[in-house]
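Structure first, commentary second.
Number of protein chains: 2
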Amino acid sequence: MDIQTYDVVVVGAGPTGENVSDRAVRGGLSVAIVEAELVGGECSYWACIPSKALLRPIHALAAARRVPGSREAASGELDVAATLAHRDAMVSRFEDSGQVSWLESAGITLVRGHGRLAGERFVEVERPGGTTALTARHAVVLATGTRPAIPPIPGLREARPWTSREATSAAKAPRRLLVLGGGVVAVEMAQAWRALGCQQVTVVERGDRLLGRTEPFAGALVQEGLEDAGIQVVLRSSVRRIERPDPRGPVKATLTDGRIIVADEVLVGLGRQPATTDLGVDTVGLEPGSIVPVDDTMAVQGVAGRWLYAAGDVNGRALLTHQGKYQARALGDLIAARAGGLAEDTARWGRHVSTADHAAVAQVVFTDPQVASVGLTESQARAAGHPVRTVGYDLGKVSGAALHAEGYIGHAKLVVDSVREVLLGATFVGQDSAELVHAATVALVGEVPISRLWHAVPSFPTMSEVWLRLLEEWGR
Amino acid sequence: MDIQTYDVVVVGAGPTGENVSDRAVRGGLSVAIVEAELVGGECSYWACIPSKALLRPIHALAAARRVPGSREAASGELDVAATLAHRDAMVSRFEDSGQVSWLESAGITLVRGHGRLAGERFVEVERPGGTTALTARHAVVLATGTRPAIPPIPGLREARPWTSREATSAAKAPRRLLVLGGGVVAVEMAQAWRALGCQQVTVVERGDRLLGRTEPFAGALVQEGLEDAGIQVVLRSSVRRIERPDPRGPVKATLTDGRIIVADEVLVGLGRQPATTDLGVDTVGLEPGSIVPVDDTMAVQGVAGRWLYAAGDVNGRALLTHQGKYQARALGDLIAARAGGLAEDTARWGRHVSTADHAAVAQVVFTDPQVASVGLTESQARAAGHPVRTVGYDLGKVSGAALHAEGYIGHAKLVVDSVREVLLGATFVGQDSAELVHAATVALVGEVPISRLWHAVPSFPTMSEVWLRLLEEWGR
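Those sequence lines, one after another, are chains C and G.
The numbering of the first sequence is numbering that gives the first Met the number 0, which starts it at 0 and goes up by one.
The numbering of the second sequence is numbering that gives the first Met the number 0, which starts it at 0 and goes up by one.
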């Protein structure tokens with residue numbers, strides 16, 4: 000068996016694995032990165048990038064149609080073929096040579112194959128031609144991410160459902176699409192495929208609202224947006240049974256309320272599961288199929304010797320590309336510091352810890368309206384025992400929004416620690432609200448008190464002026 | 000003569016006057032506000048609002064045309080009549096009843112007429128029917144703003160040039176438009192009228208770039224945008240002489256370089272002058288026609304007794320609606336506190352001072368590309384003696400921007416105090432960059448150090464991810 004030794008072995012070459020490798024190399028270490036599929040990972044090919052490529056023309060066209068003057072000029076039909084071709088270009092036609100070149104330029108060694116932990120500081124990589132053994136002098140990093148969860152609904156797996164992969168890469172719209180779940184993948188892809196040609200889209204969500212982890216108004220406004228687009232939203236229901244007798248024929252879904260929905264494809268948007276089922280985590284006493292529990296330095300809990308780390312979705316802290324990259328930067332630097340015997344900075348908000356995972360995770364749902372949020376919702380903040388006061392404001396009443404789109408619909412809310420008077424969370428819902436949230440992230444992370452935020456004057460007439468309105472609601 | 004007494008008399012009912020009045024009333028004081036023209040001021044009728052109403056459809060259409068899929072659907076022509084009608088609606092057809100209703104609901108007394116200081120705590124208001132004398136128990140606030148400057152170029156005044164008022168309210172595009180100056184009004188209105196039907200637009204700027212007070216790359220990128228739209232930009236030149244022999248005929252301009260430009264209208268965008276020529280400021284020892292100098296509490300310098308204040312454009316601190324409103328909030332609260340014998344909070348970043356005027360003034364130029372900036376440019380920071388390090392990044396290389404528009408063109412730059420490692424300024428240029436700057440404003444005002452900003456993770460794939468790229472340029 001071929002045995003190679005590196006300072007660091009990283010399993011998984013998505014954005015998290017790439018970034019942790021890059022930081023470790025910059026810190027003077029040698030790094031091997033193991034990847035069984037495409038370098039660049041889920042985000043580049045089957046998630047963030049293709050979903051936004053599918054959605055952007057839909058939203059750009061809707062935006063032009065909401066302004067007198069451009070409305071009249073934008074009356075043509077969305078070009079579905081051009082949209083799909085653009086999506087294909089944005090995912091590099093499922094070809095990772097660009098990412099491989101980046102690895103090379105960054106000085107990272109790529110080992111293609113399926114990697115598995117095989118004991119302390121030891122990773123076996125199964126390749127078509129045989130097995131490579133990688134030993135790590137300093138650290139092994141698990142960064143394998145997640146896979147779509149397929150819950151045990153009778154008939155679901157046999158019906159070969161779409162997951163986020165098929166939903167972002169499909170070459171044409173099914174005539175009828177059934178979407179299971181009301182989370183981010185579900186609402187984004189429902190909206191995309193409805194605009195790209197689906198005649199019937201039905202979203203079935205068990206809970207009492209869409210986007211259940213966001214502020215309730217966010218789910219309500221997105222539901223209005225979907226319904227305005229002709230999508231049927233069924234709440235407080237789920238699928239009891241799926242049938243697809245003819246593998247090339249339609250799917251028949253029986254809901255818990257007895258309703259029957261027939262569709263040409265069914266998309267499962269019911270969450271993710273960590274990609275740890277075949278990762279050898281049992282060799283270090285961890286449970287295959289579960290998340291890999293870590294502390295704020297990404298060190299795997301319960302494993303002695305400071306050699307095993309897990310970053311990105313696989314640790315379950317925050318299932319978002321940007322948050323995985325954030326963890327990766329801190330971790331790559333920490334591994335290099337520890338290898339070099341340099342000072343560690345693991346205090347709260349230090350260089351080598353991912354403090355923001357607990358306090359300031361931002362997320363944007365790219366529907367129309369968009370949902371941009373950071374930190375805690377009101378209910379999360381109250382559940383965590385914070386003293387809470389909230390303020391809200393109708394984004395449509397902000398001059399900048401009214402100028403941006405006629406009849407602009409949106410809402411903004413701040414969740415504030417009423418004793419310290421610093422932000423705990425913020426949510427902005429509305430067309431093009433995605434870029435509004437970073438100001439809240441900075442305020443939250445910087446722990447900038449409300450009294451100081453009064454001096455951060457948004458430019459008139461931007462949509463960011465909602466900040467002034469929110470402060471006015473708070474009161475001087 | 001009718002004599003009325005109020006706690007506070009405010010001269011000028013633009014956004015600044017309205018806000019200082021509102022805060023004073025909320026603080027328990029009686030307020031009379033004097034206005035010679037429309038309540039709501041320049042911004043509502045002849046500046047911010049109509050200019051953005053004219054520009055937004057142009058930019059919304061351009062945005063849709065930059066994305067494959069929507070491009071094909073947005074191939075019609077901008078509807079000029081619809082754009083102008085929308086502009087007219089957004090300025091309430093030059094009718095201020097909505098604003099008057101707001102004054103009433105806020106408990107502010109409107110006195111229509113031309114107000115003039117006539118000694119200590121005393122304002123005379125000249126109305127068509129006679130004169131009203133207003134005495135102020137606590138404070139007189141000057142908030143008359145500015146007027147377009149008409150420099151002494153031979154023939155210019157006689158040629159009856161467009162100012163910002165005519166440029167934002169015109170009912171049709173002239174066939175040929177000559178624009179004097181390269182500032183905000185000049186570049187915004189050049190772009191608007193070119194798209195709305197001008198066959199020839201020429202911008203003549205004396206300096207070596209457009210938008211001379213912004214970072215040099217901002218002027219360069221806006222120039223490219225204007226030139227791509229078919230606008231001619233002439234730098235390092237100015238108009239020596241203007242002739243308009245037939246008052247209904249064309250204008251002939253002779254430039255300093257000898258060039259002759261013939262146009263149907265000429266727009267003067269050569270700065271503003273304070274509206275103090277007929278304000279009675281000589282009765283308190285100030286110079287008519289000059290700015291009214293104030294300290295950080297907006298108290299007029301050189302006037303004893305703490306009764307005279309000036310807020311908004313008229314004090315020359317920052318000629319922007321939002322900054323005037325900011326000063327107004329602090330001032331209204333201060334006047335109420337002083338009247339009630341309450342504590343004053345006039346320390347740096349306190350409630351009753353306008354500290355941000357020196358440090359964190361944000362501004363957006365609504366051209367395509369947009370220019371959104373806050374704080375100091377690099378050259379301003381160096382001139383002020385700060386230790387400076389800057390970082391820049393090509394916005395088009397950010398995934399969120401590439402998804403937003405094909406071939407996205409833009410650039411971002413941070414100006415950082417290299418010792419304290421806090422922001423001094425930031426500039427974002429590119430399509431839809433307007434909402435990117437508020438995060439910088441919060442960072443600047445909150446004095447959030449770079450080490451902490453690493454924890455403010457922008458959501459992928461938004462344009463705000465440029466923050467990560469800028470930090471990476473800075474280095475960990």
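Just so you know, even glycine gets a beta-carbon here, dropped at the ideal spot from N, CA and C.
It should be emphasised that the depicted structure is a prediction, and the values quoted were computed from it without experimental measurement.
Burial state of Tyr0 of chain G (16 or more Cβ within 10 Å): Looking at the sequence shown, residue 0 of chain G is not Tyr but Met. Met0 of chain G is exposed by the Cβ-count criterion.
Positions along the stretch 151-166 of chain C whose CB lies within less than 8 Å of some CB in chain G: none
C-alpha gap between Tyr407 of chain C and Gln190 of chain C, whole angstroms: 19 Å
Leu422 of chain G, enclosing beta strand (DSSP E) - first and last residue: Val421 to Gly429
Cβ distance (whole Å) where Leu443 of chain G is taken to contact Val390 of chain G below 8 Å: Not quite, the Cβ-Cβ distance comes to about 15 Å (not below 8 Å), so this is no contact.
Assumed close pair Ser463 of chain C, His437 of chain G - CB separation to whole angstroms, cut-off 8 Å: 4 Å
Minimum Cβ-Cβ distance from Trp45 of chain G to chain C less than 7 Å: no
Unbroken stretches of the alpha helix (DSSP H), 4 residues or longer, contained in the stretch 369-429 of chain G: 377-382 and 398-403
Cβ of Phe459 of chain G within 7 Å of any chain C Cβ: yes
Check whether Val30 of chain C and Ala12 of chain C have beta carbons under 7 Å apart: no
Test item: CB-CB of Gly229 of chain G and Val79 of chain G under 7 Å: no
Amino acids of chain C, ordered along the chain, whose beta-carbon sits closer than 8 Å to that of Arg328 of chain G: Trp453 and Arg475
Touch test, the stretch 6-20 of chain G against the stretch 361-368 of chain G, Cβ-Cβ under 8 Å, three pairs minimum: no
Cβ-Cβ separation, Ala274 of chain C to Thr143 of chain C (assumed contact under 8 Å), whole Å: 4 Å
Contacting positions in the stretch 302-325 of chain G - beta carbon closer than 8 Å to chain C: Leu319, Thr320, His321, Gln322, Lys324 and Tyr325
CA-to-CA distance, Ala185 of chain G to Leu53 of chain G, given in whole angstroms: 14 Å
Contact residues within the stretch 419-445 of chain G, judged by C-beta distance below 9 Å to chain C: Asp431, Ser432, Ala433, Glu434, Leu435, Val436, His437, Ala438, Ala439, Thr440, Val441, Ala442, Leu443, Val444 and Gly445
Sequence-distant residues of the same chain with beta carbon closer than 6 Å to Thr440 of chain G, five excluded per side: Ala359, Ala361 and Val373
Chain G within 7 Å of Asp78 of chain C, Cβ atoms only: yes
For Ser237 of chain G and Pro153 of chain G, the rounded distance between their alpha carbons: 12 Å
Val465 of chain G vs Ala401 of chain G beta-carbon contact at 7 Å: no
7 Å Cβ cut-off: residues of chain C touching Gln362 of chain G: Ser458
Within the stretch 94-163 of chain C, ranges of the alpha helix (DSSP H) (whole runs, at least 4 residues): 96-105
Any alpha helix (DSSP H) of 4 or more consecutive residues that is wholly inside the stretch 288-340 of chain G: 320-338
Spatially closest choice to Asp416 of chain C from C:Ala172, C:Gly270 and C:Ala380, by CA coordinates: C:Ala380
Below-7 Å beta-carbon distance, Arg55 of chain G vs any chain C residue: yes
Under 8 Å by beta carbon: chain C residues contacting Ser20 of chain G: What Ser20 of chain G touches in chain C: nothing, since even the nearest Cβ is about 15 Å away.
Chain C within 7 Å of Pro368 of chain G, Cβ atoms only: no
C-beta atoms of Ala335 of chain C and Ala23 of chain C nearer than 7 Å: yes
Beta-carbon proximity list for Thr4 of chain G, same chain, < 7 Å, skipping 5 on both sides: Thr134 and Arg136
Candidates G:Val110, G:Gln326 and G:Met188: closest to Val267 of chain G by CA position: G:Met188
Contact list for Thr354 of chain C against chain G, beta-carbon separation under 7 Å: His454
Buried/exposed call for Ser96 of chain G, threshold 16 Cβ in 10 Å: exposed
From C:Gly248, C:Leu209 and C:Gly224, residue whose alpha carbon lies closest to that of Arg235 of chain C: C:Leu209
Asp356 of chain C versus Val293 of chain C: straight-line alpha-carbon distance, rounded: 12 Å
Residues of the stretch 19-43 of chain C whose Cβ lies closer than 8 Å to any Cβ of chain G, in chain order: Arg22 and Cys42
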